[in-house]
Amino acid sequence: MIVGLLLLLVSLIARVVCLVVDERNTPRGDVNRDGRVNAVDLTMMKRHLIGMYDLDSTQIRIGDMNHNHRIDQMDIDVLVEGMLR
Ligand SMILES: [Ca+2]
Ligand SMILES: [Ca+2]
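Following the numbering used here, the numbering of the sequence shown begins with 4 at its first residue and continues without gaps.
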């Protein structure tokens, strides 16, 4: 039983580490995590902002361009500005 609990604990830690590493490799604004920041991400953020689409907590962290812990118009403006460069 202890071995089973240890295996479960190791599995959970490995999963958390993978999520953190994966999130670090995701470009800021890439809310659909396909490796590119483009109109798809912009549309998802706009739809989230008006309540038509739910982003999960990881997607919100990735899309939170102004670091205020939520998706808002400023994030969308920063994303558009970055896409136009
Ligand atoms: Ca993307
Ligand atoms: Ca924000």
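Glycine included, C-beta positions come from ideal geometry on N, C-alpha and C.
Around the beta carbon of residue 85, a 10 Å sphere encloses fewer than 16 other beta carbons of the protein chains shown; the residue is thus reported as exposed. For residue 46, the three-state secondary structure derived from DSSP is helix. The three-state reading of DSSP puts residue 34 in coil, since its state is none of H, G, I, E or B. Of 79, 32, 40 and 60, the smallest CA-CA separation from residue 49 is found for 79. Residue 7 sits exposed, since fewer than 16 C-beta atoms from the chains shown fall within 10 Å of its C-beta.
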